[in-house]
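Visitor: Numbering (the numbering used here), first residue to last: 422 to 743.
Even for Gly, the Cβ is constructed at its ideal location relative to N, Cα and C.
Keep in mind it's a predicted model, so treat the numbers as computed, not measured.
Let me begin by handing over the structure; questions about it come next.
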């Protein structure tokens, strides 16, 4: 059983990372919002203490320099296995993986959890180009790229552009057929900023949480809502969201048929946000895919049913699902 796994040392060869985290006396990095103190979930608190910022070199337009980018780095970097790189959903952060990340480490998988630029606790930049530069600078080997919901769209977009950087894909409740931000990109900026302020509000986030999870008590849902909106306290969050809306967002449907990487398509039994029919469509259009369903889970199975998700990712990484 995945729940009985013990933390063991992975086989050599390996490189150990030194964690350099500037922290308060409470152990949290100083760049995190002070609201982290109010979070009760022990998994979120533990993972938040491991968030670091690393410089990623970028050259875009007139910009030449490095962007400080937030992520969770593996304690050990293996050289004989493909690393697992976790993206997150729309307008979320790496804390979304709070219950899955420790189990992936226990399964001896080199695991990175990365904040997509402009979201999470990172600064602003081009999302796709930033991810490639981070990969080229720090990871340097083809990766197993994992994306849930809109994170799956980010993963498809990245793989279509930089196929050499990806070994395999895991797409969870993929929102891969969305047509960008639609008419939102036509909004005047003043109205866009007003809408973004509403998106940040606790009632709206709580409603989204109720829809996202299959079943959880109210007290837990309130805490999970606070975790999910923690990154909204970052000073650039509103600008990043408005820029994303006006950019038109992602539209990757035309790329899907051209991706030939081995892909694990995962859907949840009780997803109320993305229809399972879209996962079946994705399975049919991808050249090299398998489909698995996660029982007793809503839109975020990596939060509700992490053992099952880790078992799927671990088996897929080792080749057991092919």
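Between which two residues does the alpha helix (DSSP H) containing residue 588 stretch?
Guide: Per DSSP, residue 588 belongs to no alpha helix (DSSP H); it is in the beta strand (DSSP E), 587 to 593.
Visitor: Please confirm whether residue 588 and residue 612 have their CB atoms less than 8 Å apart.
Guide: No, these two residues do not count as a Cβ contact at 8 Å.
Visitor: Within 10 angstroms of the Cβ of residue 657, are there 16 or more other Cβ atoms? Answer buried if so, exposed if not.
Guide: With fewer than 16 Cβ atoms within 10 Å of its Cβ, residue 657 is classed as exposed.
Visitor: Is there at least one non-hydrogen atom of the ligand SAM closer than 7 Å to the beta-carbon of residue 619?
Guide: No copy of the ligand SAM occurs in the structure displayed, which carries no ligand at all.
Visitor: Between the C-alpha atoms of residue 439 and residue 496, what's the straight-line distance to the nearest angstrom?
Guide: Any reading at residue 439 must be qualified, since the residue scores a pLDDT of 44, below 50, and its modelled position is unreliable; the value itself is stated next. So the alpha carbons of these two residues sit roughly 8 Å apart.
Visitor: Span of the beta strand (DSSP E) holding residue 475?
Guide: Its beta strand (DSSP E) spans residues 473 to 481.
Visitor: Under 8 Å, do residue 682 and residue 590 count as touching if we go by C-beta distance?
Guide: It is a contact, given that the beta carbons lie within the stated cut-off.
Visitor: Quick one: residues in its chain with C-beta nearer than 8 Å to the C-beta of residue 505, no 5 flanking neighbours on either side, listed in chain order?
Guide: Cβ within range, chain order: 525, 530, 531, 532, 533, 564, 565, 567, 734 and 738.
Visitor: Based on the DSSP secondary-structure assignment, which residues constitute the bridge partners of residue 489?
Guide: Bridge partners of residue 489: 476.
Visitor: What are the boundary residues of the beta strand (DSSP E) that includes residue 657?
Guide: Run containing residue 657: none; DSSP gives neither H nor E here.
Visitor: Straight-line CA distance for residue 679 to residue 731?
Guide: The alpha-carbon atoms of residue 679 and residue 731 are separated by roughly 27 Å.
Visitor: Between which two residues does the beta strand (DSSP E) holding residue 713 run?
Guide: Element bounds for residue 713: 710 to 715.
Visitor: Which residues in the same chain as residue 715 place their Cβ atom closer than 8 Å to its Cβ, once the five residues preceding and following it in sequence are excluded?
Guide: Once the five neighbours on either side are set aside, the close Cβ partners of residue 715 are 687, 688, 689, 690, 722, 726, 729, 730 and 733.
Visitor: Should residue 703 go down as buried or exposed, given a rule of 16 or more other Cβ atoms within 10 Å for buried?
Guide: When all chains shown are included, residue 703 counts as buried.
Visitor: Excluding the 5 residues preceding and the 5 following residue 442 in the sequence, name in chain order all residues of the same chain whose CB lies nearer than 8 Å to its CB.
Guide: At residue 442 the pLDDT is 46, less than 50, meaning the model places this residue with poor confidence and gives no usable figure here.
Visitor: Could you name the residues that DSSP lists as bridge partners for residue 535?
Guide: Looking at the DSSP assignment, residue 535 forms a beta bridge with 492.
Visitor: Relative to the C-alpha of residue 512, which residue among 562, 548 and 610 is closest?
Guide: Taking only the C-alpha atoms, the option nearest residue 512 is 548.
Visitor: Confirm, please, whether the CB-CB distance from residue 536 to residue 515 is below 8 Å.
Guide: Against a cut-off of 8 Å, the Cβ pair of residue 536 and residue 515 comes out as a contact.
Visitor: Below 8 Å between beta carbons: does that hold for residue 693 and residue 632?
Guide: It is a contact, given that the beta carbons lie within the stated cut-off.
Visitor: Please report the straight-line C-alpha distance between residue 558 and residue 477, rounded to a whole angstrom.
Guide: Distance between the alpha carbons of residue 558 and residue 477: 7 Å.
Visitor: Please identify the residue among 468, 538, 502 and 562 whose C-alpha is closest to the C-alpha of residue 521.
Guide: For residue 521, the nearest C-alpha among the options comes from 468.
Visitor: Would you report the Cα separation of residue 460 and residue 655, rounded to the nearest angstrom?
Guide: So the two alpha carbons sit approximately 16 Å from each other.
Visitor: Go through the region 662 to 714 residue by residue and report every complete run of the beta strand (DSSP E) that reaches 3 residues or more, in order.
Guide: 683 to 689, all fully within the region 662 to 714.
Visitor: List the endpoints of the continuous beta strand (DSSP E) containing residue 568.
Guide: Counting along the chain, the beta strand (DSSP E) containing residue 568 begins and ends at 564 to 569.
Visitor: Assuming residue 569 contacts residue 593 (C-beta within less than 8 Å), just tell me the rounded distance between them.
Guide: The Cβ separation is near 4 Å, so the contact holds.
Visitor: Rounded to a whole number of angstroms, what is the C-alpha to C-alpha distance between residue 649 and residue 508?
Guide: Between residue 649 and residue 508, the C-alpha separation is close to 14 Å.
Visitor: Go through its chain and collect everything with a Cβ distance to residue 422's Cβ below 6 Å, but skip five positions before and after it.
Guide: Its pLDDT being 33, under 50, residue 422 is placed unreliably in this model, and the value from its coordinates should be taken loosely. Contacts found: none.
Visitor: DSSP three-state call for residue 442: helix, strand or coil?
Guide: In this prediction, residue 442 has a pLDDT of 46, which is less than 50 and means its spatial position is unreliable; nothing more can be read from the coordinates.
Visitor: Which of the three DSSP states, helix, strand or coil, is assigned to residue 523?
Guide: It is helical.
Visitor: Alpha carbon to alpha carbon, what distance is there between residue 615 and residue 488?
Guide: Cα to Cα, the separation comes out at about 28 Å.
Visitor: Going by beta carbon distance, what residues of the same chain come within less than 7 Å of residue 630, once the five residues before and after it are set aside?
Guide: Excluding sequence neighbours, residue 630 sits near 642, 645, 646 and 649.
Visitor: Between residue 724 and the rest of its own chain, which residues show a CB-CB distance below 8 Å, the 5 nearest in sequence each way excluded?
Guide: So the list reads 517, 519, 520, 521, 634 and 645, once near-sequence residues are dropped.
Visitor: Cutting at 6 Å between CB atoms, please list the residues of its own chain near residue 749, excluding the five before and the five after it.
Guide: Any answer about residue 749 is impossible in this case: the structure gives the chain only from 422 up to 743.
Visitor: Would you identify the three-state DSSP class for residue 454, choosing helix, strand or coil?
Guide: Residue 454 falls in the coil class under three-state DSSP.
Visitor: Let's see if you can read the secondary structure: which residues bound the beta strand (DSSP E) around residue 507?
Guide: Per DSSP, residue 507 belongs to the beta strand (DSSP E) from 505 to 507.
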